[in-house]
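So the sequence shown is residues 49 to 772, counted in the working numbering.
Each residue gets a CB set at the ideal place from its N, CA and C atoms; glycine is no exception.
Since this is a predicted model, take the numbers as computed values, not measurements.
Worksheet: the structure to be examined is printed underneath.
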Amino acid sequence: MQQGTLMRKVKSKSWKKQRYFKLQEDCMTIWYQSKRTGKTESAFSISDVETVREGHQSEVLQSVAEEFPPERCFTIVFYGRRGNLDLIAGSAEEAQCWVQGLRQLIEPRSFPLTFALVSRTWIRDWFQKADKNKDGRMNFKEVQRLLKMMNVDMNEDHALRLFQDADKSESGTLEGEEFVLFYKALTQREEVLSLFQEFSEDGKKLTLLELVDFLRQEQLEDEGTEELAMELIDKYEPSETARARHVLSADGFLMYLCSPEGSIFNPQHRALWQDMSQPLCHYFISSSHNTYLIEDQIRGQSSIEGYIRALKRGCRCLEVDCWDGPNGEPMVYHGHTFTSKIPFREVVSTLGKYAFKVRHPSPGAGGRGWSSVGEDTWHWVAQGASLSPTPQELKHKILLKGKKIGRLEDTLDGPGDEAPDVSDDDNGAEAEEERRRAKVRGTQHGSALQKDKESLAQALSDCVIYCKNVPFRGFQEARSHSRPSEISSLSEAKARKLIRDEGNEFVRHNAWQLTRIYPSGMRTDSSNYSPQEMWNVGCQIVALNFQTAGTEMDLCDGLFSQNGCCGYVLKPPFMRDEETLFNPSDPSSREGPGPITLTIQVISGQQLPKVANSKEGAIIDPLVRVEIYGVPADQAHQETKYIENNGFNPRWDETLQFQLHVPELALIRFVVEDYDKTSRNDFVGQFTLAFANIKPGYRHIHLLSKDGTSIPPSSLFVHIRITE
Numbered sequence: 049m050q051q052g053t054l055m056r057k058v059k060s061k062s063w064k065k066q067r068y069f070k071l072q073e074d075c076m077t078i079w080y081q082s083k084r085t086g087k088t089e090s091a092f093s094i095s096d097v098e099t100v101r102e103g104h105q106s107e108v109l110q111s112v113a114e115e116f117p118p119e120r121c122f123t124i125v126f127y128g129r130r131g132n133l134d135l136i137a138g139s140a141e142e143a144q145c146w147v148q149g150l151r152q153l154i155e156p157r158s159f160p161l162t163f164a165l166v167s168r169t170w171i172r173d174w175f176q177k178a179d180k181n182k183d184g185r186m187n188f189k190e191v192q193r194l195l196k197m198m199n200v201d202m203n204e205d206h207a208l209r210l211f212q213d214a215d216k217s218e219s220g221t222l223e224g225e226e227f228v229l230f231y232k233a234l235t236q237r238e239e240v241l242s243l244f245q246e247f248s249e250d251g252k253k254l255t256l257l258e259l260v261d262f263l264r265q266e267q268l269e270d271e272g273t274e275e276l277a278m279e280l281i282d283k284y285e286p287s288e289t290a291r292a293r294h295v296l297s298a299d300g301f302l303m304y305l306c307s308p309e310g311s312i313f314n315p316q317h318r319a320l321w322q323d324m325s326q327p328l329c330h331y332f333i334s335s336s337h338n339t340y341l342i343e344d345q346i347r348g349q350s351s352i353e354g355y356i357r358a359l360k361r362g363c364r365c366l367e368v369d370c371w372d373g374p375n376g377e378p379m380v381y382h383g384h385t386f387t388s389k390i391p392f393r394e395v396v397s398t399l400g401k402y403a404f405k406v407r408h409p410s411p412g413a414g415g416r417g418w419s420s421v422g423e424d425t426w427h428w429v430a431q432g433a434s435l436s437p438t439p440q441e442l443k444h445k446i447l448l449k450g451k452k453i454g455r456l457e458d459t460l461d462g463p464g465d466e467a468p469d470v471s472d473d474d475n476g477a478e479a480e481e482e483r484r485r486a487k488v489r490g491t492q493h494g495s496a497l498q499k500d501k502e503s504l505a506q507a508l509s510d511c512v513i514y515c516k517n518v519p520f521r522g523f524q525e526a527r528s529h530s531r532p533s534e535i536s537s538l539s540e541a542k543a544r545k546l547i548r549d550e551g552n553e554f555v556r557h558n559a560w561q562l563t564r565i566y567p568s569g570m571r572t573d574s575s576n577y578s579p580q581e582m583w584n585v586g587c588q589i590v591a592l593n594f595q596t597a598g599t600e601m602d603l604c605d606g607l608f609s610q611n612g613c614c615g616y617v618l619k620p621p622f623m624r625d626e627e628t629l630f631n632p633s634d635p636s637s638r639e640g641p642g643p644i645t646l647t648i649q650v651i652s653g654q655q656l657p658k659v660a661n662s663k664e665g666a667i668i669d670p671l672v673r674v675e676i677y678g679v680p681a682d683q684a685h686q687e688t689k690y691i692e693n694n695g696f697n698p699r700w701d702e703t704l705q706f707q708l709h710v711p712e713l714a715l716i717r718f719v720v721e722d723y724d725k726t727s728r729n730d731f732v733g734q735f736t737l738a739f740a741n742i743k744p745g746y747r748h749i750h751l752l753s754k755d756g757t758s759i760p761p762s763s764l765f766v767h768i769r770i771t772e
């Protein structure tokens with residue numbers, strides 16, 4: 049790999065260019081250059097690579113399958129929304145060398161990255177970038193260039209003083225451990241040191257009891273605090289001697305604060321922590337719109353990658369638009385547009401491979417095989433399963449949403465059996481009243497049923513069990529005639545009107561039946577609407593264009609990053625009651641305690657990335673904005689002042705305060721931007737989480753890119769307080 053390999057980079061059946069690919073000596077970077085011009089065209093970091101697929105596992109490589117055997121083909125898949133890299137090696141041996149080599153390089157990232165490991169990698173990367181003449185040493189001029197690259201605008205005298213203090217050999221250059229000393233001096237965290245000394249009697253260490261005091265008083269850890277303190281010392285104290293004495297040094301204290309235990313996101317909520325035995329309609333469900341599209345809605349590309357990416361993000365509701373194709377084979381694409389097409393069989397095959405490739409069991413999101421879903425689920429239903437199933441009951445099941453002949457109750461004796469269009473459990477006067485209504489509706493329902501029978505295959509109808517599509521004709525009509533096993537789809541505009549005019553009725557409706565919201569047809573650019581207003585009334589299936597980065601997808605990722613990323617989040621109790629009085633436009637209608645106050649002290653930032661495509665030598669002027677998304681009364685944002693020319697270790701020390709009337713529905717988004725007085729600020733990084741997942745105390749916020757991928761070691765340091 050390090051010698052350079054000539055391979056074909058493939059973009060389409062007709063676009064195959066030869067490129068030299070080489071793994072750099074740092075084992076962290078791969079560049080490739082044109083065979084014809086010799087010019088380096090691009091490079092990527094190993095940290096950008098999510099996985100490597102062997103064989104014809106992309107549409108592009110499938111299109112050249114007859115020309116190149118699978119043993120020579122592989123696909124490099126990147127994090128986020130970056131396109132895949134499809135490659136064809138000269139031989140099967142060369143392909144295996146790259147596949148196995150890349151997998152070994154990315155495999156360590158399957159374990160949690162420690163702060164020390166991230167820092168060590170970061171130090172090495174910066175040293176190699178700044179060491180222009182590659183002699184393994186760095187003179188002061190190279191150090192000055194390094195500071196600019198690292199987003200630091202430092203006084204030259206101060207920089208020289210740090211340089212000379214680290215130059216123990218007095219050679220006028222830094223090498224090896226000397227550069228590490230320089231880096232440590234540069235990254236000295238005064239705000240963390242002062243916090244450490246506040247609880248340390250001698251200013252050099254925290255005893256076990258001193259650490260317990262810090263955890264109780266500041267971090268508000270009130271259960272098993274002594275055991276937690278021992279665990280943190282064993283896990284994060286770098287000195288064996290200190291560990292043996294059960295004390296925590298300043299270095300160990302910083303490593304704890306930068307760890308998952310020191311994160312703003314409650315680590316216990318990363319795992320599956322919610323009750324999964326409630327009816328399906330009691331959960332928010334991660335949902336995508338036109339999942340097959342990876343670009344716009346009119347001429348965009350349809351691709352199985354859309355399904356793979358959505359499933360990997362925890363999406364549990366996918367959209368498959370099927371149309372007649374050549375030779376009777378169904379095709380998937382956006383009908384009546386110019387989007388490209390993919391065979392239905394490829395979509396189904398992809399779902400079979402990726403539906404369950406998540407870190408935790410995913411309720412209600414897939415099955416043992418697509419072809420057996422109808423029969424398998426029918427047997428389960430016929431054995432007496434609930435008409436309002438739970439995610440726990442639906443594990444290993446695929447639910448198909450679509451049209452259906454008749455109702456679920458009508459066919460409980462078996463697929464395809466016909467029965468009167470009335471409820472099975474009606475009796476006496478109620479049954480008589482239902483029969484009277486049925487006569488009134490008879491002509492209308494009879495003609496609709498006949499039309500369904502004429503246009504819908506019975507076998508397909510039998511596969512639709514719990515998500516029968518029904519038109520929405522108002523909440524009163526739904527209460528009278530609809531069933532929990534049915535679902536209505538509403539456009540974002542229709543949903544907004546209902547929220548505005550009948551907010552409480554909408555919440556009540558969603559306490560017993562599923563509702564799906566989809567984007568306006570005017571969003572041809574695949575933009576998104578705000579999902580928050582739909583969640584505020586309890587809509588479960590709020591479908592978004594997953595291919596489009598932005599605030600809306602940040603909110604989606606923020607809500608569903610909890611509960612094992614299983615794609616299901618339990619709604620608060622007052623949204624699961626069919627007689628609830630809650631209306632998002634009137635926060636006082638919520639049952640429970642009064643408003644709470646969220647106080648956020650934004651203290652500092654660490655090693656913030658440069659803005660993409662910024663000029664060489666440019667340094668950002670960062671500010672932090674905190675945005676609250678929730679019911680209308682809670683919607684708010686505040687921001688700090690900007691810090692001039694310091695993206696490396698800016699200090700704000702500013703306090704922002706918010707009042708939350710319905711904290712159970714609130715999402716908090718932290719955004720870092722590069723201030724620009726003449727134009728719109730540039731995005732630097734963000735992190736979004738549900739209020740329910742916040743850990744109070746001194747916490748680090750590990751920032752994400754626009755695509756939702758991590759950008760270590762970029763972070764914010766904050767102090768969080770929650771009071772009633």
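Please name the residue, chosen from the options, that lies closest to residue i on a Cα-to-Cα basis.
i: L708; options: L671, D724, L133 and E772; result: E772
i: T289; options: G695, L268, K253 and G733; result: K253
i: W776; options: C370, V617 and R571; result: Since the first residue shown for the chain is 49 and the last is 772, residue 776 is missing from the structure and cannot be characterised.
i: S111; options: P118, R151, K61 and L133; result: K61
i: E525; options: F731, L704, F554 and P437; result: F554
i: K182; options: Q144, V147 and T221; result: T221
i: L135; options: G362, V108, Y677 and A277; result: V108
i: F523; options: S539, L448, L546 and A541; result: L546
i: E721; options: A740, A714 and N694; result: N694
i: F188; options: T387, S539, L208 and R129; result: L208
i: L671; options: K452, G756 and G733; result: G733
i: A403; options: L359, D724, E377 and F392; result: L359
i: E540; options: I742, E581 and L504; result: E581
i: M324; options: S763, E441 and G756; result: E441
If contacts are defined as beta-carbon pairs under 8 Å, then residue i and residue j qualify, I think. What distance do you get, rounded to the angstrom?
i: F126; j: V100; result: 11 Å between Cβ atoms; not a contact.
i: N593; j: H337; result: 5 Å
i: G354; j: Q595; result: 7 Å
i: S652; j: L737; result: Incorrect: roughly 20 Å between the Cβ atoms, too far for contact.
i: L603; j: T563; result: Rounded, the Cβ-Cβ distance is 18 Å, inconsistent with contact.
Starting from residue i, follow its DSSP beta bridges and name the residues at the other end.
i: P567; result: Beta-bridge pairing links P567 to no other residue.
i: H750; result: S763
i: W371; result: M379
i: I648; result: L704 and I768
i: R673; result: E687 and V719
i: S311; result: H748
i: Q734; result: V719 and L752
i: E102; result: F122
i: C365; result: S335
i: W79; result: K70 and A91
State the Cα-Cα distance for the pair residue i and residue j, rounded to the nearest angstrom.
i: S509; j: S533; result: 14 Å
i: K24; j: V97; result: The structure shown has nothing for residue 24, since the chain only spans 49 to 772.
i: I768; j: R293; result: 31 Å
i: E627; j: E639; result: 12 Å
i: Q326; j: M303; result: 39 Å
i: I667; j: H750; result: 21 Å
i: S388; j: T398; result: 17 Å
i: G678; j: W63; result: 48 Å
i: C329; j: A507; result: 26 Å
i: V470; j: H557; result: Its pLDDT being 32, under 50, V470 is placed unreliably by the model, and the measurement read from it follows with that caveat. One C-alpha to the other measures close to 20 Å.
i: R548; j: E367; result: 28 Å
i: I342; j: R129; result: 9 Å
Check whether the Cβ of residue i lies closer than 8 Å to any heavy atom of the ligand GDP, and answer yes or no.
i: S530; result: No copy of the ligand GDP occurs in the structure displayed, which carries no ligand at all.
What is the residue span of the beta strand (DSSP E) that residue i lies within?
i: E534; result: E534 to S539
i: S336; result: Y331 to S336
i: Y68; result: K64 to L71
i: T438; result: Looking at the DSSP string, T438 is not in any beta strand (DSSP E), and its letter there is neither H nor E.
So residue i is in the alpha helix (DSSP H); what residue range does that whole segment cover?
i: V659; result: First-last for V659: undefined, no H or E at that position.
i: C515; result: That residue, C515, is in no alpha helix (DSSP H); its beta strand (DSSP E) goes C515 to N517.
i: Y231; result: E225 to L234
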